[in-house]
Each structure stands twice: as C-alpha cells, then as structure tokens.
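**Student:** Got a structure here, written out as structure tokens. Questions coming.
Protein chains: 2
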Amino acid sequence: METKPYHHGDLRSALLSAAEAELALRGIEAFSLRSVAKRAGVSHAAPAHHFGDANGLLTALAAEGFRQFRAMQAAREAVADKTPRAQMIAAGLGYVDFAMARPALFRLMHSSDRPAFDTPDLGAVATAAYEHLRTAVAAIKPEASIADLGAAWATAHGLADLMSAGRLHSIAGLPVAERDAVIAEIIGRALT
Amino acid sequence: METKPYHHGDLRSALLSAAEAELALRGIEAFSLRSVAKRAGVSHAAPAHHFGDANGLLTALAAEGFRQFRAMQAAREAVADKTPRAQMIAAGLGYVDFAMARPALFRLMHSSDRPAFDTPDLGAVATAAYEHLRTAVAAIKPEASIADLGAAWATAHGLADLMSAGRLHSIAGLPVAERDAVIAEIIGRALT
DNA sequence: AATTTATCCTGACATCGTCAAGATTGGATA
DNA sequence: TATCCAATCTTGACGATGTCAGGATAAATT
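In the order they appear, the protein sequences are chains B and A. Everything in the first sequence is counted per the working numbering, starting at 375 for the first residue and increasing by one. Everything in the second sequence is counted per the working numbering, starting at 375 for the first residue and increasing by one.
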C-alpha cells in the first residue's frame with residue numbers, strides 16, 4: 375500500500391494534464407480549479423503556488439497548446455513535398471489536425487479571454503505561430519499582399535474552428551484520405 | 375420621483391439586453407446571472423421565471439443573435455448586385471459585419487457550449503443561417519461540391535472569427551472601403 | 001367580487017476562486 | 001552531519017455565484 379507523500383514530485387505537469395482533461399470533459403465555461411486539484415490528488419489551494427491563480431494555469435496550458443500546435447504542423451510539413459505551396463498546405467492540414475485532436479485546447483487558445491496573452495511565454499509562442507504562417511505565405515509570394523496572408527489564415531482557421539466545433543460534418547466525417555484532399559484543395563484556393 | 379412597480383412590464387427583453395451588455399463588458403467566462411439581474415434592476419432570482427436558468431437566458435440571447443446576424447447579411451445583400459456571385463460575397467461581408475459589430479454575441483453563438491442548440495427556437499435559426507449559405511453557394515454552382523460549401527463557409531467564418539477576436543488587425547484596421555474590398559477578394563477566391 | 005395565475009422577492013445551500021496561516025519536506029550552508 | 005531556510009502543500013475562512021423552496025404582490029379570469 376502506497377502512502378501519499380506530502381510533496382507530489384511533479385505537481386506542475388500533473389496539474390497541466392489534469393486541467394486539460396477537465397477542460398475537455400466540462401468545457402471552458404464550467405472549468406473548475408478545485409476539480410483540477412482533486413483530479414491531481416491534491417488540496418484545492420495547491421495550484422496557487424505553481425500558477426498563481428486559475429488564469430495562470432490556463433495561461434500555461436494555452437502556451438503548451440501552442441507548442442503542440444506547432445509540433446503537429448511540423449509533422450505534416452516533414453512528410454510533405456518541399457515546395458513552398460505544398461509546405462503551406464501542410465501547415466494548414468496541421469492546423470486542422472490540432473483543432474480536431476484537441477478541440478478544448480483549441481478553444482482555450484482562440485476563443486477565450488482567460489489566458490494572459492501579454493505574458494512573455496504565451497505571447498512568444500502565440501506570435502511565433504503567427505510568424506510561421508507569415509513566412510510560409512511569403513515563401514510562395516515574396517510580394518504577398520494583405521489579402522494573401524488573410525486568405526491563408528482565415529481559410530485554415532475557419533476550417534479548424536468549424537470542424538472542431540462539430541460543424542462541417544460533411545468534411546470532418548470523411549475518410550482520412552478524402553478529408554485531407556478536400557482540405558488541401560480548399561486551402562489551395564486561398565493562394566491563387 | 376418614480377417608485378418601482380412590483381411588476382417590471384417587459385422584463386424578458388430587458389434581461390436580454392442587460393445580458394448582452396454584461397457579455398460585452400465581462401466576457402462569457404465571467405458572465406454572471408446576478409449581475410444581469412442587478413443591471414435590470416431586479417432581484418437575483420427573477421430571471422429564472424423567464425428563462426429557467428442561466429443557460430436558458432444565453433440560449434435565448436444566442437437565438438436573438440442569429441436573427442440579427444441574418445438581418446445584417448440581408449442588409450448587405452439588398453445593396454449588392456443581384457448576381458449569384460455578388461450575393462454570395464455580400465453574405466460573407468454581412469458575416470464579418472456582425473462579428474465585428476457584436477463580438478461577444480458572435481462568440482456566444484460559435485464558441486460556447488452554454489446555449490442549448492437542440493432547442494427548437496435556437497436550433498431553427500442556427501440551421502436557417504446555415505441553409506442560407508448553402509443556397510447562396512448552390513446559386514453559383516448548381517452542382518456544388520463539398521469543397522465549395524466548405525471553402526465559402528470556412529473563409530467567411532475564419533475572417534469573422536479572427537477579426538472579431540482582434541487578430542488580422544492589418545485588415546480590420548483598414549478604411550471601410552478598402553477593408554470591404556479585401557474581404558470581397560478573399561471570399562471570391564473561395565469560389566473558383 | 002373572488003379566485004386563479006403569472007410575476008417577482010427573500011432566504012438558504014452547495015460550490016467556486018482566493019487569501020492567510022500553519023504544517024511538512026528537501027536542499028543548502030556551516 | 002546538524003541546522004536553518006526556502007519551497008511545497010494543507011487547512012480554514014471569506015465573499016460571490018447559480019439554483020431551489022417558499023412567500024408576497026399584481027394581473028387576469030371567471
């Protein structure tokens with residue numbers, strides 16, 4: 375029988391994964407800090423020492439989300455052709471991949487005012503994600519206009535947002551290969 | 375000096391506008407039913423009789439939002455050329471108009487799980503908005519594919535979501551005429 | 001005029017986030 | 001190795017929130 379030690383060991387990361395689980399289970403608006411603490415097997419005031427307050431925890435979680443977001447994009451880009459256009463489409467596919475795989479996290483990152491985006495950590499990874507898209511578009515059109523960047527971003531983001539929210543089921547419900555083909559074609563239209 | 379009558383008179387609509395004001399002021403996640411009641415000058419339990427619970431109020435508010443959404447689209451369509459393509463672009467411009475004019479309501483309608491979308495009223499207006507887009511696309515291409523519908527919706531929704539959230543400021547900050555021109559061009563790309 | 005119904009209020013309860021104060025542990029210092 | 005300090009975690013409390021039960025008031029109906 376294992377007795378619980380007073381010190382957790384790695385409570386910070388345990389709270390982060392517990393928070394994401396609670397977020398996926400209850401939704402952002404019913405998110406409860408005390409439930410997160412209970413899920414991590416710790417008292418209700420324990421998170422304060424690692425994250426300050428509830429928004430601090432969500433800020434750290436959102437930052438972690440942006441890192442995984444970039445990782446999923448990179449995974450798509452690695453297996454795609456190395457042409458600028460194929461890389462841009464791969465980035466869009468990764469955008470949708472993340473939104474579908476972690477819808478709760480996606481919402482926290484894009485449709486919530488609780489994370490503090492002016493924090494050094496979260497601010498950096500968020501603008502880094504934006505800069506990546508920017509350079510991907512510039513690689514296709516060196517003289518890219520505002521419309522070019524807006525079209526690419528809006529298309530990828532719109533697809534990701536609608537599909538992760540359960541809309542556009544006619545696309546989300548497709549077999550993976552066809553689904554990716556449709557997404558690739560839609561994103562391709564944005565850059566013509 | 376006017377004394378407060380026991381019965382409000384039109385508390386239901388007063389609560390709806392108070393709720394939208396609170397939503398715009400505090401954000402969805404800090405939305406408080408008691409604050410709404412206080413703003414309407416009524417006790418904290420008064421809303422229950424008209425909307426059941428807090429989610430009921432937000433459900434009614436979201437339904438009202440979808441009606442105003444369609445109204446803004448109709449306003450754009452009325453002044454646009456009557457060609458199917460111009461009508462489709464007008465619908466997209468109205469989409470963005472609404473998101474920029476009422477960002478809090480837009481978020482409630484698209485990025486919240488609190489409104490009950492399986493309610494007859496909200497369900498009807500929400501699917502009506504979707505059907506309108508569907509017929510607008512079909513008017514251009516009678517044999518419209520899944521990609522056609524997805525591209526149109528994702529582009530308009532992505533622009534609206536990003537711009538209302540403060541992103542894409544390079545487009546949102548433009549003078550109105552140029553702004554509309556850029557949006558029209560981006561939406562036009564989705565249907566090629 | 002009497003009664004029924006709709007509307008609104010008061011009071012209570014469990015739950016929430018946060019703060020203050022104390023208990024426990026690990027690590028640094030000597 | 002012994003001691004002290006800082007980090008970590010717990011307990012208890014406070015005000016605020018959503019919801020429910022029961023009562024008060026006004027309007028509508030009969």
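In this text, a Cβ means the ideal position worked out from N, Cα and C, and glycines have one as well.
Would you mind telling me which residues of chain B sit closer than 7 Å to residue 544 of chain A, beta carbon to beta carbon, in chain order?
**Tutor:** The sequence position of residue 544 of chain A within the second sequence is 170, counting from 1. Result: 520.
**Student:** Can you give me the Cβ contacts of residue 439 of chain A inside the same chain, cut-off strictly under 6 Å, excluding the 5 residues immediately before and after it?
**Tutor:** As a first step, residue 439 of chain A must be located in the second sequence, where it is residue number 65. 479 and 483, listed in sequence order.
**Student:** Would you identify the three-state DSSP class for residue 412 of chain B, choosing helix, strand or coil?
**Tutor:** Translated into the one-based positions of the first sequence, residue 412 of chain B becomes position 38. Three-state DSSP puts residue 412 of chain B in a helix.
**Student:** Count the other C-beta atoms from every protein chain shown that fall within 10 angstroms of the C-beta of residue 423 of chain A, then say buried if there are 16 or more, exposed otherwise.
**Tutor:** In the second sequence, the residue the question calls residue 423 of chain A occupies position 49. Exposed, because fewer than 16 other Cβ atoms sit within 10 Å of the Cβ of residue 423 of chain A.
**Student:** Taking only beta-carbon atoms, is residue 486 of chain A less than 9 Å away from chain B?
**Tutor:** To locate residue 486 of chain A, count along the second sequence from 1; it is residue 112. It does: the Cβ of residue 486 of chain A has a partner Cβ on chain B nearer than 9 Å.
**Student:** Would you identify the three-state DSSP class for residue 427 of chain A, choosing helix, strand or coil?
**Tutor:** Here residue 427 of chain A refers to the residue found at position 53 of the second sequence. It is coil, neither helix nor strand.
**Student:** In whole angstroms, give me the CA-to-CA distance for residue 408 of chain B and residue 394 of chain B.
**Tutor:** Translated into positions along the first sequence, residue 408 of chain B becomes position 34. Translated into positions along the first sequence, residue 394 of chain B becomes position 20. Looking at the two C-alpha atoms, the distance is approximately 14 Å.
**Student:** Near residue 436 of chain B, which residues of its chain fall below 6 Å by C-beta distance, leaving aside the five closest residues on each side in sequence?
**Tutor:** Within the first sequence, the letter at position 62 stands for residue 436 of chain B. Result list for residue 436 of chain B: 482, 483, 489 and 496, in chain order.
**Student:** My assumption, with CB atoms under 8 Å, is that residue 466 of chain B sits in contact with residue 557 of chain B. Please give the rounded CB distance.
**Tutor:** Walking along the first sequence from the start, residue 466 of chain B turns up at place 92. Walking along the first sequence from the start, residue 557 of chain B turns up at place 183. Indeed they touch by this definition, with Cβ atoms about 7 Å apart.
**Student:** Do the segment 544-560 of chain A and the segment 521-541 of chain B make contact, defined as three or more Cβ pairs closer than 8 Å?
**Tutor:** Result yes; three or more Cβ-Cβ pairs closer than 8 Å.
**Student:** Using a Cβ cut-off of 9 Å (strictly closer), state whether residue 550 of chain B contacts chain A.
**Tutor:** Taking the first residue of the first sequence as position 1, residue 550 of chain B is located at position 176. Answer no: the Cβ-Cβ gap between residue 550 of chain B and chain A never drops below 9 Å.
**Student:** When you compare the CB positions of residue 385 of chain A and residue 414 of chain A, do they come within less than 9 Å of one another, or not?
**Tutor:** Start at 1 with the first residue of the second sequence, and residue 385 of chain A comes out as number 11. Start at 1 with the first residue of the second sequence, and residue 414 of chain A comes out as number 40. Contact: yes.
**Student:** What is the DSSP secondary structure of residue 466 of chain B, counted as helix, strand or coil?
**Tutor:** Locating residue 466 of chain B in the first sequence gives position 92, where the first residue counts as 1. Helix, per DSSP.
**Student:** With three or more C-beta pairs closer than 8 Å as the rule, is the segment 459-478 of chain B touching the segment 533-545 of chain B?
**Tutor:** The answer is yes - the segment 459-478 of chain B touches the segment 533-545 of chain B, with three or more Cβ pairs under 8 Å.
**Student:** Comparing C-alpha positions only, which one of B:459, B:544 and B:470 sits nearest to residue 445 of chain B?
**Tutor:** For this step, residue 445 of chain B is matched to residue 71 along the first sequence. Of the listed residues, the one whose Cα sits closest to residue 445 of chain B is B:470.
**Student:** Taking Cβ-Cβ distances shorter than 8 Å, what residues in chain A pair up with residue 560 of chain B?
**Tutor:** Looking up residue 560 of chain B in the first sequence gives position 186. Those are 521, 524, 525, 528 and 564, listed as they occur along chain A.
**Student:** Scan the segment 378-408 of chain B for residues whose Cβ lies nearer than 9 Å to a Cβ of chain A and list them as they occur along the chain.
**Tutor:** Within the segment 378-408 of chain B, the qualifying residues are 401, 402, 403, 404 and 405.
**Student:** Is the beta carbon of residue 542 of chain A less than 9 Å from the beta carbon of residue 526 of chain A?
**Tutor:** If you number the second sequence from 1, residue 542 of chain A lands on position 168. If you number the second sequence from 1, residue 526 of chain A lands on position 152. No, the pair does not count as a contact, with Cβ atoms beyond the cut-off.
**Student:** Which value, in whole angstroms, describes the spacing of the CA atoms of residue 509 of chain B and residue 397 of chain B?
**Tutor:** Looking up residue 509 of chain B in the first sequence gives position 135. Looking up residue 397 of chain B in the first sequence gives position 23. Rounded to whole angstroms, residue 509 of chain B to residue 397 of chain B spans 32 Å at the Cα level.
**Student:** Mapping DSSP to helix, strand and coil, what is residue 517 of chain B?
**Tutor:** For the purposes of this step, residue 517 of chain B is identified with residue 143 of the first sequence, where counting begins at 1. In this structure, residue 517 of chain B counts as coil in the three-state DSSP scheme.
**Student:** Thinking just about the alpha-carbon of each residue, which of A:382, A:434, A:458 and A:387 is nearest to the one in residue 416 of chain A?
**Tutor:** If you number the second sequence from 1, residue 416 of chain A lands on position 42. Answer by Cα proximity: A:382.
**Student:** Look at the Cβ atom of residue 450 of chain A, then the Cβ atom of residue 464 of chain A, and state whether they are nearer than 9 Å.
**Tutor:** Walking along the second sequence from the start, residue 450 of chain A turns up at place 76. Walking along the second sequence from the start, residue 464 of chain A turns up at place 90. The answer is yes: Cβ separation under 9 Å.
**Student:** Within 9 Å of any Cβ in chain B, is that where the Cβ of residue 481 of chain A sits?
**Tutor:** Here residue 481 of chain A corresponds to residue number 107 of the second sequence, with the count starting at 1. Yes, residue 481 of chain A counts as interfacial toward chain B.
**Student:** Which residues bound the alpha helix (DSSP H) around residue 546 of chain B?
**Tutor:** Reading the first sequence from its first residue, position 172 is the one you call residue 546 of chain B. Counting along the chain, the alpha helix (DSSP H) containing residue 546 of chain B begins and ends at 543-546.
**Student:** Output yes if chain B places a C-beta closer than 9 Å to the C-beta of residue 410 of chain A; else output no.
**Tutor:** Here residue 410 of chain A is taken as the residue at index 36 of the second sequence, counted from 1. Not one chain B Cβ lies under 9 Å of residue 410 of chain A.
**Student:** CB-CB under 8 Å to residue 429 of chain B, same chain, minus the five flanking residues each way: which ones, in chain order?
**Tutor:** For the purposes of this step, residue 429 of chain B is taken as the residue at position 55 of the first sequence. The residues are 488, 489 and 490.
**Student:** Below 8 Å on C-beta distance, what does residue 539 of chain B contact in chain A?
**Tutor:** Translated into the one-based positions of the first sequence, residue 539 of chain B becomes position 165. The answer, in chain order, is 484 and 485.
**Student:** DSSP three-state label for residue 491 of chain B, please.
**Tutor:** As a working mapping, residue 491 of chain B is identified with position 117 in the first sequence. Three-state DSSP puts residue 491 of chain B in coil, outside helix and strand.
**Student:** Using only the alpha-carbon positions, how far apart do residue 494 of chain A and residue 458 of chain A sit?
**Tutor:** Residue 494 of chain A sits at position 120 when you count from the first residue of the second sequence. Residue 458 of chain A sits at position 84 when you count from the first residue of the second sequence. Their backbone Cα atoms lie some 31 Å apart in a straight line.
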